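Undergrad:
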Amino acid sequence: MSNIKYLYPDAVSILKSYGKIEKRGEQLVGYCPVCGDDHHLFIKQGDDVDVVAYCQKCNAKGKDIFAAWARDGHKPALVFTSDDPIREWSPGAVWYPYKTESGDIGFYKKRMEYYDNYPDGTRKRGKMTPYYHADKLKKGQPKTCKDTLHIYNLYEAAQAEPGMLYIVEGEKCADALMKNGVLAITTKAGAKVGADTVKLTAREQELVNRHTRIIIIPDNDEPGWYYAEAWSKYVPKLQVIDVKRLKPEAPAKYDIADWIADGGNVAELMQMEPVPYESKANPYAEEWNKVYSFDNPIDLEGGESSGKEVALTVSLPTPEMEEELDPGEWQREDFRNREKLNALFDHIYLNKDSFLLEVFKDRARELKVVGMAKLWTEYEKARDKQINASEIAKKKSKLIPLVEAGSLRTGAYTISAKGIIKEVEKKEEIIIIDVISVPVLPVSILTNVETGTVRTRLWWKHENRPAHEEIVENRILADRSKILMLASRGLPVDSTNALDVVEYLSVIAAKNDDLIPHDESVSSLGWHNNNKFSPYDPELIIDNITENNTVFQSIKSKGTLEEWVTFMAPHMADKRFHIVMAASFGSVILRLVGALPFILHFWGKTGTGKTVGLMAAASVWGNPAPGAYLRSMDATTNAIMRIAGFLRNLPVIADEMQTVRDKEGNYDKFIMRVSEGVERSRLNSDSSLRPLQEWNCIFICSGEEPIVSIRSGAGAVNRVIEVELDAAEPLFPGSLGNEVANFCRDHYGAAGPELVNHIKALEPDTIRAMYNEHCKTLTAEKLSAKQALSAAAILTASQVISTLIFCDKVEPLHPGDIIPYLKTELTVDPAERAYTALMNRFAANRNRFMSKTETQDAEYHHEPIGEIWGKFIDEKYGQSSIYAVNKGILERELQDIGFQFNAVKKAWADKGYLQKNSQGLYFHQRNEHGTRVEYVYMVNMPE
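For the sequence shown, our numbering assigns the number -18 to the initial residue and increments by one for each residue that follows.
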């Protein structure tokens, strides 16, 4: 960790010298001298004018920013307490234009060089190469080019006549050759051992291979030759010139640009005869084949090659094995030892040891050994393919090959690519009936483990179109009216052939029941038996995707987990944002700790960052675009319940909460329905009871107003945690909201499955123990018990993700961070709430009470105005004054504010808020002007 203090007494004036600055809380925001952005550099000045700086645009840290200040003449006083270097940026930068095939500039790659100056006087050279849009202002690559433009000098290569083309590593080398009249290209990604950095589109590959001679000149190092190996996959006729042929004594990292700078004659290069590129010509190829390929992992006894069933057993390593398999002590050479890697990967795979895998990855990053994460992924895929070969074979339909072989039991039916016909004998004649114009087959039978419903996976294929599969309930396939529903899915069935299709499917299924695979299925996402989680465990077949296609298709990933974590981590410092993110992750742990569903509601005026906060929460699991994973509450309650039932344990994230209030402006009914965790019982059209959908998740919602009020029942109040967003302190100030939203649109769906995998690897009681500890802490604060349990789930999730997802880059939430948003026992108690509301109403209607005092003071003694509610008896008649309220009036007013007298009267009496009569009844009978009246004596408690 760096421990350098940058002492800038005049930090504010320096920031002002670059342009306009803005104050946000304790921080100043202004121009970043590293990337040139004018509103993403955050400066905070602490004790002893110690300055902390960070740019959210280019991720430049303090030492980079202060080095740039120093370059511009603003020198700090530095105090060294560690060996960290000071970065000195070289003046000037080189902009490399990446042009499309048509010659338009797609983006720029900016090369900036620097030197790291160490306290011992040594200097190390480095470079930074960020991307910029064609205007040189906006950082990054346009979406239209990011995955379609990979080659520098692509336009020149496309325009040139087919001939000699050189491939080099880096734009600097390409420009060195181009200046000497030699056509040269390179790719935007640098070379790394173990990483395939060369990625071309089919069109780019075509433009390169049109040239007659293609020669690569690798740099004089291992990454350079890996770069050549990667290019050989795209260029079958690739030739190579080793830079050592140009300069035998070339040092490490020597390249063609260095050779030209040293006086090399390009004409000599053009006359040099290259050799065909082959892996054996690569000095590192043999070593790579040992380390960077797991196409053929260690053969397992009984593996695919043996044709036997595979039986895996989990092995416990001996102490000697544990010492040998501890990658935390490995050196660089150990990562190239194929035997060690195989032994370690076998142990991790067979024992599902995710902890050891993380140790392995961390040690590789520490030693800067690249390609290890990818290597593990390739190994895991290869082993899965090998071990699951027999299972995959079982899942494959046996019917289609049998049709081709003519061995399917079809009875009177004939199946061909033209469709299905049936031969019927009638009066010694054979009549041909056209059943359907495409071949259609039941390829598997699915029995839902939750509901027992049986469905069939149908396969059909139109000529000149891809085959199509659809999972359909058997009750639809057995009904000639309901099967017409499949017409909208592309099956050519109508009223004229519906009965024939129903009969055909029934015959085929009955005659081939022993051939059709029978599998189990589920109809919801989330946790299922045996610690499986849908959709991340592929063996869990989801049988109702068609009904929930929009939601299901949104649960996918884009971008990398590392990019997502790096971007989100700084924003987690805002406790409100941290709460919503922890709730999104925490939804999947409710079932594990036995907590109940609840609502986390963010409310405030427009422009406070509510929707963007919800998008960030949705990006944990899938595409956060509105209408994808992020839903709108502008739907029927039944529709929202169906979505919750399908998501099951994943969070329901929805905007515009105000659209679900009832005509009285109340949300209680909706709150109670979603927090019950089960939908209402309903009947099918045939009067059978429809299977109930259940869920145990967190509803994360937003709106423009709170959804609990004084009129809300205690049950509703207990099931909601509300966070108010103030316009003065929005969740994302200024343009930061747009930046977060844009990032979420391109980076999502990687963090959720990562958390699920970590949870599976933990001991079952680990998370429960965390949760119980947080419950104890919160309940000791005399908070609402149910809200405390819900908040404990959020705190537990925060603790888990801070370690397992954010790798301790984020501090977990503390109880004090969430307690301000929770209700106390008193504020939730319906008796307390009803009493407070009633006293407020009495105080506002004091003129409706007759006053009675010993002194008959005019201040108290008056005739009521309008409707008479009762009497106000002054405190001189006791320790407290009393409202003697007409019982009918009291019940009416209570009902108007959402309470029932019979529900609170006992609690009032126990608390001393209601004075019983001498017989212990809750009302007193009095005679008023000849009329018997029942009064309830409400005690006006002193403060």
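From the three backbone atoms N, C-alpha and C, an ideal C-beta is built for every residue, glycine too. Just so we're clear, the structure is a prediction, and the values are computed from it rather than from any experiment.
Express the C-alpha separation of Thr477 and Ile497 in angstroms, rounding to a whole number.
TA: By 1-based counting over the sequence shown, the position of residue 497 is 516. By 1-based counting over the sequence shown, the position of residue 477 is 496. Spanning the two alpha carbons is a distance of roughly 28 Å.
Undergrad: Would you call Ala732 buried or exposed, if buried means 16 or more other Cβ atoms sit within 10 Å of its Cβ?
TA: Mapped onto the sequence shown, residue 732 falls at position 751. Per the 10 Å Cβ criterion, buried.
Undergrad: Under 6 Å Cβ to Cβ from Glu544, same chain only, skipping five residues before and after it: list those, please.
TA: Counting from 1 along the sequence shown, the entry for residue 544 is found at position 563. So the list reads His728, once near-sequence residues are dropped.
Undergrad: Per DSSP, what kind of secondary structure is Glu792 in: helix, strand or coil?
TA: What you label residue 792 is simply residue 811 of the sequence shown in a count that begins at 1. Glu792 falls in the coil class under three-state DSSP.
Undergrad: In three-state terms, what does DSSP make of Gly526?
TA: Looking up residue 526 in the sequence shown gives position 545. One point to set straight first is that residue 526 is Ile, not Gly, in the sequence displayed. Coil at Ile526, not helix or strand.
Undergrad: Find the nearest neighbour of Val421 within the set Lys119, Tyr916, Ala448, judged by alpha-carbon distance.
TA: Your numbering for residue 421 matches position 440 in the sequence shown. Ranking the options by Cα distance to Val421, first place goes to Ala448.
Undergrad: Roughly how many angstroms separate the alpha carbons of Ile417 and Ile523, rounded to a whole number?
TA: Here residue 417 refers to the residue found at position 436 of the sequence shown. Here residue 523 refers to the residue found at position 542 of the sequence shown. Distance between the alpha carbons of Ile417 and Ile523: 28 Å.
Undergrad: Can you tell me the Cα-Cα spacing of Tyr74 and Ile740, whole angstroms?
TA: Taking the first residue of the sequence shown as 1, we reach residue 74 at position 93. Taking the first residue of the sequence shown as 1, we reach residue 740 at position 759. Rather than Tyr, the amino acid found at residue 74 in this sequence is Ala. Taking the straight line joining both Cα atoms gives about 47 Å.
Undergrad: Using the three-state DSSP reduction, which class does Cys16 fall into: helix, strand or coil?
TA: In the sequence shown, counting from the first residue as 1, residue 16 sits at position 35. In the structure shown, Cys16 sits in coil (DSSP, three-state: anything other than H, G, I, E or B).
Undergrad: My assumption, with CB atoms under 8 Å, is that Ala778 sits in contact with Ala563. Please give the rounded CB distance.
TA: In the sequence shown, the residue the question calls residue 778 occupies position 797. In the sequence shown, the residue the question calls residue 563 occupies position 582. With a Cβ gap of about 4 Å, Ala778 and Ala563 count as contacting.
Undergrad: Are the segment 593 to 607 and the segment 685 to 697 touching, with three or more C-beta to C-beta distances below 8 Å?
TA: With a cut-off of 8 Å, the segment 685 to 697 and the segment 593 to 607 do not count as touching, because too few Cβ pairs lie within range.
Undergrad: Kindly indicate the opening and closing residues of the alpha helix (DSSP H) around Ile536.
TA: Taking the sequence shown and counting its residues from 1, the one referred to as residue 536 is at position 555. No alpha helix (DSSP H) holds Ile536; DSSP gives it neither H nor E.
Undergrad: Would you tell me roughly how many angstroms separate the C-alpha atoms of Lys591 and Val561, rounded to the nearest one?
TA: By one-based count along the sequence shown, residue 591 stands at place 610. By one-based count along the sequence shown, residue 561 stands at place 580. So the alpha carbons of these two residues sit roughly 10 Å apart.
Undergrad: Helix, strand or coil, according to DSSP, for Val721 in the structure here?
TA: Position 740 of the sequence shown, counted from the first residue, corresponds to residue 721. Correct three-state label for Val721: helix.
Undergrad: Taking the straight line between their C-alpha atoms, what separation do you get for Gly893 and Glu813?
TA: For the purposes of this step, residue 893 is taken as residue 912 along the sequence shown, with counting starting at 1. For the purposes of this step, residue 813 is taken as residue 832 along the sequence shown, with counting starting at 1. So the alpha carbons of these two residues sit roughly 11 Å apart.
Undergrad: Taking the runs of the alpha helix (DSSP H) that are 4 residues or longer, which of them lie wholly in the segment 412 to 466?
TA: Entirely contained in the segment 412 to 466, the alpha helix (DSSP H) runs reaching 4 residues are, in chain order, 455 to 458.
Undergrad: Within this structure, are the beta carbons of Ala722 and Thr589 separated by less than 8 Å?
TA: If you number the sequence shown from 1, residue 722 lands on position 741. If you number the sequence shown from 1, residue 589 lands on position 608. No. Outside cutoff.
Undergrad: Would you call the segment 423 to 438 and the segment 517 to 536 in contact, with 3 or more CB pairs under 8 Å?
TA: In short, these stretches touch, since the Cβ pair count reaches three.
Undergrad: For the segment 628 to 690, which segments carrying the beta strand (DSSP E) assignment without a break, of at least 3 residues, lie completely within its bounds, in sequence order?
TA: Within the segment 628 to 690, the complete beta strand (DSSP E) runs of at least 3 residues are 633 to 636, 679 to 684.
Undergrad: Which ranges would you report for the beta strand (DSSP E) in the segment 701 to 770 if only whole runs of at least 3 residues count?
TA: List check, beta strand (DSSP E) in window: 701 to 705.
Undergrad: Please work out which residues of its chain come closer than 7 Å, Cβ to Cβ, to His509, disregarding the five sequence neighbours upstream and downstream, and give them in chain order.
TA: Position 528 of the sequence shown, counting from 1, holds the residue named residue 509. For His509, where only same-chain residues beyond five positions count, the Cβ hits under 7 Å are Val503, Ser515, Leu521.
Undergrad: Measuring straight from C-alpha to C-alpha, what distance separates Lys214 and Lys362?
TA: Your numbering for residue 214 matches position 233 in the sequence shown. Your numbering for residue 362 matches position 381 in the sequence shown. Using only the alpha carbons, I get a separation of about 21 Å.
Undergrad: Touching or not, the segment 746 to 764 and the segment 537 to 553, by the rule of three or more beta carbon pairs under 8 Å?
TA: At 8 Å Cβ cutoff, the stretches do not touch.
Undergrad: Can you grab the Cα-Cα spacing for the pair Glu876 / Asn883, in whole Å?
TA: For the purposes of this step, residue 876 is taken as residue 895 along the sequence shown, with counting starting at 1. For the purposes of this step, residue 883 is taken as residue 902 along the sequence shown, with counting starting at 1. The question names Glu, yet the displayed sequence has Gln at residue 876. Between Gln876 and Asn883, the C-alpha separation is close to 11 Å.
Undergrad: For Gly0, which residues in the same chain have their Cβ closer than 7 Å to its Cβ, ignoring the five residues on either side in sequence?
TA: As a first step, residue 0 must be located in the sequence shown, where it is residue number 19. Gly11, Tyr12, Asp19.
Undergrad: As a quick exercise: from Ala138, Asn699, Thr103, Lys108, pick the residue whose alpha carbon is nearest that of Thr81.
TA: Against the sequence shown, residue 81 aligns to sequence position 100. Comparing Cα-Cα distances from Thr81 to each of Ala138, Asn699, Thr103, Lys108, the minimum goes to Ala138.
Undergrad: Could you check if Ser656 is buried or exposed, using at least 16 other CB atoms within 10 Å of its CB as the buried criterion?
TA: On the sequence shown, position 675 is the one that residue 656 refers to. Buried, by the Cβ-count rule.
Undergrad: Using DSSP bridges, identify the partner residues of Cys36.
TA: Numbered from its first residue, the sequence shown carries residue 36 at position 55. Paired residues: Leu22.
Undergrad: Using the Cβ count rule (16 or more neighbours within 10 Å means buried), how would you classify Ala715?
TA: Numbered from 1 along the sequence shown, position 734 holds the residue referred to as residue 715. The question names Ala, yet the displayed sequence has Gly at residue 715. Gly715 should be labelled exposed.
Undergrad: Beta-carbon separation of Tyr802 and Ile681 under 8 Å?
TA: Here residue 802 refers to the residue found at position 821 of the sequence shown. Here residue 681 refers to the residue found at position 700 of the sequence shown. Contact: no.
Undergrad: Identify, in the order they occur along the chain, each residue of the same chain with its Cβ nearer than 6 Å to the Cβ of Thr963, setting aside the five sequence neighbours on each side.
TA: This structure does not reach residue 963, given that the chain is present from -18 up to 924, and the question cannot be answered.
Undergrad: In the structure shown, what three-state DSSP assignment does Gly851 receive?
TA: For the purposes of this step, residue 851 is taken as the residue at position 870 of the sequence shown. Three-state result, Gly851: strand.
Undergrad: Beta-carbon within less than 8 Å of Lys407's beta-carbon, same chain only, minus the 5 sequence neighbours each way: which residues are those?
TA: Residue mapping note: residue 407 aligns to position 426 of the sequence shown, counting from 1. Excluding sequence neighbours, Lys407 sits near nothing in its chain.
Undergrad: Taking the CB atoms as reference points, tell me whether Val453 and Leu465 lie closer together than 8 Å.
TA: Mapped onto the sequence shown, residue 453 falls at position 472. Mapped onto the sequence shown, residue 465 falls at position 484. Contact flag unset, no.
Undergrad: Have a look at Val149, Asn246, Val791, Arg827 and flag the residue whose alpha-carbon is nearest the alpha-carbon of Glu848.
TA: Here residue 848 corresponds to residue number 867 of the sequence shown, with the count starting at 1. Closest option to Glu848, Cα to Cα, is Arg827.
Undergrad: Would Cys154 and Asp236 qualify as a contact pair, given that the criterion is a beta-carbon distance under 8 Å?
TA: For this step, residue 154 is matched to residue 173 along the sequence shown. For this step, residue 236 is matched to residue 255 along the sequence shown. Taking 8 Å as the Cβ cut-off, Cys154 and Asp236 qualify as a contacting pair.
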